[in-house]
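Trainee: Chains as they are written, first to last, in this note's numbering: chain A, 158 to 489; chain B, 1277 to 1492.
Could you have a look at this structure, given as C-alpha cells, before my questions?
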Amino acid sequence: MKEFTYQRPADARAALRAAGQAGAKFIAGGTNLLDLMKVEVEAPTHLVDISRLPLAEISDGRGVLEGGLRIGAMVSNADLAADPRVRRRYPMLARALLAGASAQLRNQATTGGNLLQRTRCYYFYDTSTPCNKRSPGTGCSALNGFNRIHAVLGASDACIAVHPSDMAVALAALDAEVELLAANGRTRRVKATDFHRLPGTTPQHETDLENGELITAVLLPSPPAGGQVYRKVRDRASYAFALVSVAALVERDGDRIRNARIALGGVAHKPWRAQSAEQMLIGAMANAETFRAAGQAALAGARGYGHNDFKVALAQRTVARALADAANPRKV
Amino acid sequence: MTDFHLTRRDVLGSGAALSVLQGNAAVAQTGKPSPAKLDTASRTRTAIVTFKVNGQQQRLDLDPRTTLLDALREHLGLMGTKKGCDHGQCGACTVLVNGVRRNACMNLAVARDGDEIVTIEGLGNGEHLHPMQAAFVRHDGFQCGFCTPGQICSAVGMLAELRRGVPSAVTPNLASSAMLAEETEIRERMSGNVCRCAAYPNIVAAIRDAAGTAGG
C-alpha cells in the first residue's frame, strides 16, 4: 500500500474542503477502497474519513420525496436491509442488499460506498495487465481474454466490465435519486439510473459525480404498487457477485399487468433498466409467455464476448422468472 | 500486553521479528483516551489511535496504513485473530467492533479510534471458555483450527444479529422479526467465514448448540 495521510473531519463541509486537495479520496466503510489500495489499483495520498459524518439516518420526515424515504449515505448495508420500512415497502431493496457480500461486510459497507464500488473485473485488479479503466489508453484485456463475468449490454471496445452492486440494481428499478453535495454548498439530485455511466471511450469515468462532490443521501420515492422481487444468479448460493441479477416489480389488474419495472445487474457497466420491456408488459396478460417475451426484449441488442455468451440466455430466463415471481406477491 | 513473546514464525523471518520488536516498542498503555486528534483538520504522518481491546484501553502510534488486523497482531501481540486472505473474503480475521462483527483486515486501525474491539482472546481463555468456544469444542467444530477464532467471533456476532431481528437472504418472511438459528439461516449468515477443512457440519452443530436451537 502506498503512503497516505489521514484525517477525520467533523462535518460534511470540512470533509469537502479536505477532499479538494490533489490525491485526496473519501473513505467510508472502505471495504472496496482499502482492498484496492492493498493491490495499488487505488493510491490516494490523503484519506478523508467520512464514516462518522452525521449521515447515518433513515428518515421519512422532512426533505423526503413524497411518501418515500431518505437514506443517509453512511447508513450501513446491514442497517438499511434491516430497516422495517425498507423490508415492508421496498422488499426488493432489502433482498438485494441481503444478497450482497457477507454479513461482516454488510455491517461495514455504506449506502454511498456501495454505489461507488468498482468493478471486480480480474484485469482491473491485476496491475500487470492492460486496462482502460485503471490505466486509460492501455487497452482492454477482457475483450479477448477470459470474460466469463463480463458485460453483454452497453459495453464498448474500451471496456466490458460490469458494475458489481446488487443494491444499485434495486435502486434503479425503484426510481431512486442520489443526493450530492459540492464544496460550494450546492446540492443536486441525480436519478439512480443516470448516476452510473456506460463505458464508451472513457471507462475510467464511472459516475456522474463531479470532482469533490460527496454523496449525502439516496432518496426513495413512494414505492410503486405491486409485487417486488430481487433474483440473483451466481456461482454459489451465498457470498458471490451476480452473474445475472434482476429486480422486478409487477402490478396486476386481474389477469393483466398494470405496471412493471425491470432492472438487471451483472450484465452492464451500470444497473440496466429495461424500459422497453417494461412498456410492452403494460396491459399484457400476466402469463409465462408474456414474461418470456419480456425477457427477450430486455436483452435486445445483447452480445456475448465468448466466455460470457451464456449470460444472454441466462438473463432472459432470469427476467422471466423474476417477473413471474413478482406477479405472485405472496413471495417477497 | 507489553510482554515480549517470540514465536516460531517471528524467528523464521528476521523481517517479521523486527516488525514485532518495533511494534511492541510502539505500545504505550495509558489509562486515558488520547485527545481527539483525528477530528481536527490537521494532516498526520502517523496517527495516535486509542481504542479498547478486550476491555483494556490501548494507545498506539501507527502508520495510517496499519489495518486493525495488523494492529492487533503486530502491535498488541494478539495472535488469535488470523490473517487469511487479507481481502475480506475469508473471515479468519473477524472481530467484534462495538459488538458488531467485522473483518479486521478491511478496517484501518485509525478509523476505529474510540471503538471497543473484542477478539477471540476477549471472549474467553483456557480456563473459562465462552459458551460458543465450549460448543465448538463439544462438537469438534474445526480441524486445523486456523479459521476457528474468526468463526467463533462471527458466530457470536451472528447470534446478536438474530436477537436484533436482522434478516438474511434466506429469511422467508421479511416482515417478520422472529428469526431462529436454524441450519439454513446459520449457513447463509456464516457464509463470510470460510473453512478450508470443510468442518461446516460441526460448526453449524456447535452454533445451534450455543444458540439453544439444536434439534434432537
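Even glycine gets a Cβ: it sits at the ideal position worked out from N, Cα and C.
Bear in mind that the values here come from a model prediction, so they are computed numbers and not experimental data.
Would a check of beta-carbon distances place residue 195 of chain A closer than 8 Å to chain B?
Mentor: Yes, contact with chain B.
Trainee: On the criterion of 16 or more Cβ atoms from any shown chain inside 10 Å, does residue 1456 of chain B qualify as buried, or is it exposed?
Mentor: Residue 1456 of chain B is exposed by the Cβ-count criterion.
Trainee: From the beta carbon of residue 161 of chain A, is the nearest beta carbon of chain B less than 8 Å away?
Mentor: Closer than 8 Å to some Cβ of chain B, the Cβ of residue 161 of chain A qualifies, so yes.
Trainee: Just mark residue 357 of chain A as buried or exposed, buried being the case when its beta carbon has 16 or more other beta carbons within 10 Å.
Mentor: The residue in question, residue 357 of chain A, is exposed, as its Cβ has fewer than 16 Cβ neighbours within 10 Å.
Trainee: Might you give, ordered along the chain, the residues of its own chain that have their beta carbon closer than 7 Å to the beta carbon of residue 1364 of chain B, omitting 5 neighbours on each side?
Mentor: Here the set comprises 1379, 1381, 1382.
Trainee: When you compare the CB positions of residue 420 of chain A and residue 330 of chain A, do they come within less than 8 Å of one another, or not?
Mentor: Their beta carbons are under 8 Å apart, which means residue 420 of chain A touches residue 330 of chain A by this criterion.
Trainee: Return the residues of the region 1324 to 1342 of chain B that lie within a Cβ-Cβ distance of less than 9 Å from chain A, sorted by chain order.
Mentor: Per Cβ criterion, the list reads 1339, 1340, 1341.
Trainee: Of the residues A:283, A:391, A:229, which one's Cα is nearest the Cα of residue 192 of chain A?
Mentor: The shortest Cα separation from residue 192 of chain A among A:283, A:391, A:229 belongs to A:283.
Trainee: Hey, does residue 396 of chain A have any beta-carbon neighbour from chain B nearer than 8 Å?
Mentor: Answer yes: the Cβ-Cβ gap between residue 396 of chain A and chain B drops below 8 Å somewhere.
Trainee: So, is residue 249 of chain A buried or exposed, given that buried needs 16 or more other C-beta atoms within 10 angstroms?
Mentor: The residue in question, residue 249 of chain A, is buried, as its Cβ has 16 or more Cβ neighbours within 10 Å.
Trainee: Starting from the Cα of residue 345 of chain A, find the closest Cα among A:325, A:428, A:285, A:370 and give me that residue.
Mentor: Minimum Cα distance to residue 345 of chain A is reached at A:370.
Trainee: If we cut at 8 Å on Cβ distances, does residue 1295 of chain B have a partner in chain A?
Mentor: Confidence at residue 1295 of chain B is low in this model, with a pLDDT of 38, below 50, so the placement of that residue should be treated as unreliable; the coordinate-derived value is given next. Chain A, which has no Cβ nearer than 8 Å to the Cβ of residue 1295 of chain B, makes this no.
Trainee: Whose Cβ in chain B lies nearer than 9 Å to the Cβ of residue 187 of chain A?
Mentor: Result: 1382, 1383, 1384, 1387.
Trainee: Just checking my contact of residue 454 of chain A with residue 434 of chain A at CB under 8 Å: how many whole Å lie between their CB atoms?
Mentor: Contact holds; Cβ gap of about 4 Å.
Trainee: Measuring only the C-alpha atoms, how far is residue 1483 of chain B from residue 333 of chain A?
Mentor: Answer to the nearest angstrom: the Cα atoms are 39 Å apart.
Trainee: Out of A:274, A:438, A:242, which has the shortest C-alpha to C-alpha gap to residue 198 of chain A?
Mentor: Closest by alpha carbon: A:274.
Trainee: Pick from A:241, A:286, A:208: whose alpha carbon is nearest that of residue 1449 of chain B?
Mentor: If we check each option's Cα against that of residue 1449 of chain B, A:241 comes out closest.
Trainee: Where residue 238 of chain A and residue 255 of chain A are concerned, what is the direct C-alpha to C-alpha distance, given to the nearest angstrom?
Mentor: Their Cα atoms are separated by approximately 7 Å.
Trainee: On the CB-based measure, 16 or more other CB atoms within 10 Å of its CB, does residue 186 of chain A come out buried or exposed?
Mentor: That one is buried.
Trainee: Give me the DSSP bridge partner(s) of residue 203 of chain A.
Mentor: Answer is A:162, A:181, bridged to residue 203 of chain A.
Trainee: Beta-carbon within less than 7 Å of residue 1323 of chain B's beta-carbon, same chain only, minus the 5 sequence neighbours each way: which residues are those?
Mentor: Only 1314, 1338, 1340, 1386 meet the Cβ criterion.
Trainee: Name, going along the chain, the residues of the region 202 to 214 of chain A whose beta-carbon falls closer than 8 Å to a beta-carbon of chain B.
Mentor: From the region 202 to 214 of chain A, only 203, 204, 206, 208 have a Cβ closer than 8 Å to chain B.
Trainee: Nearest to residue 328 of chain A by alpha carbon, out of A:339, A:315, A:352, A:319?
Mentor: If we check each option's Cα against that of residue 328 of chain A, A:352 comes out closest.
Trainee: Tell me which same chain residues have a C-beta within less than 7 Å of the C-beta of residue 1362 of chain B, skipping the five on either side of it?
Mentor: Answer for residue 1362 of chain B: 1381, listed in chain order.
Trainee: Quick one: list the residues of chain B neighbouring residue 239 of chain A, beta-carbon separation under 8 Å, in chain order.
Mentor: The answer, in chain order, is 1440, 1441, 1442, 1443.
Trainee: Is it true that the CB of residue 355 of chain A sits closer than 8 Å to the CB of residue 468 of chain A?
Mentor: No, Cβ-Cβ distance for residue 468 of chain A and residue 355 of chain A is not below 8 Å.
Trainee: Determine which residues of the region 246 to 264 of chain A have a Cβ less than 8 Å from any Cβ of chain B, and write them out in chain order.
Mentor: Residues 248, 251, 252, 255, 256, 258, 259, 260, 261, 262, 264.
Trainee: Any idea which residues DSSP pairs residue 346 of chain A with across the strands?
Mentor: Looking at the DSSP assignment, residue 346 of chain A forms a beta bridge with A:336.
Trainee: Helix, strand or coil, according to DSSP, for residue 408 of chain A in the structure here?
Mentor: Of the three classes helix, strand and coil, the one that applies to residue 408 of chain A here is strand, per DSSP.
Trainee: Between the Cα of residue 472 of chain A and those of A:439, A:429, A:485, spot the shortest distance and give me the residue it belongs to.
Mentor: Looking at the Cα atoms, A:429 is the closest of the given residues.
Trainee: Can you check whether the C-beta of residue 192 of chain A is within less than 8 Å of a C-beta belonging to chain B?
Mentor: Interface residue, yes.
Trainee: Just the chain B side, please: which residues come within less than 8 Å of residue 244 of chain A by C-beta, in chain order?
Mentor: Near residue 244 of chain A (Cβ distances below 8 Å), the residues of chain B are 1443, 1450, 1451.
Trainee: Using the beta-carbon of each residue, which ones in chain A are nearer than 7 Å to residue 1370 of chain B?
Mentor: Correct list: 261.
Trainee: At least one CB of chain A closer than 8 Å to the CB of residue 1376 of chain B: is that the case?
Mentor: Closer than 8 Å: yes.
Trainee: With distances taken Cα to Cα, identify the nearest neighbour of residue 443 of chain A among A:477, A:278, A:226, A:347.
Mentor: Here the closest residue by C-alpha is A:477.
Trainee: Going by other Cβ atoms of all chains shown within 10 Å of its Cβ, with 16 needed for buried, is residue 1420 of chain B buried or exposed?
Mentor: With fewer than 16 Cβ atoms within 10 Å of its Cβ, residue 1420 of chain B is classed as exposed.
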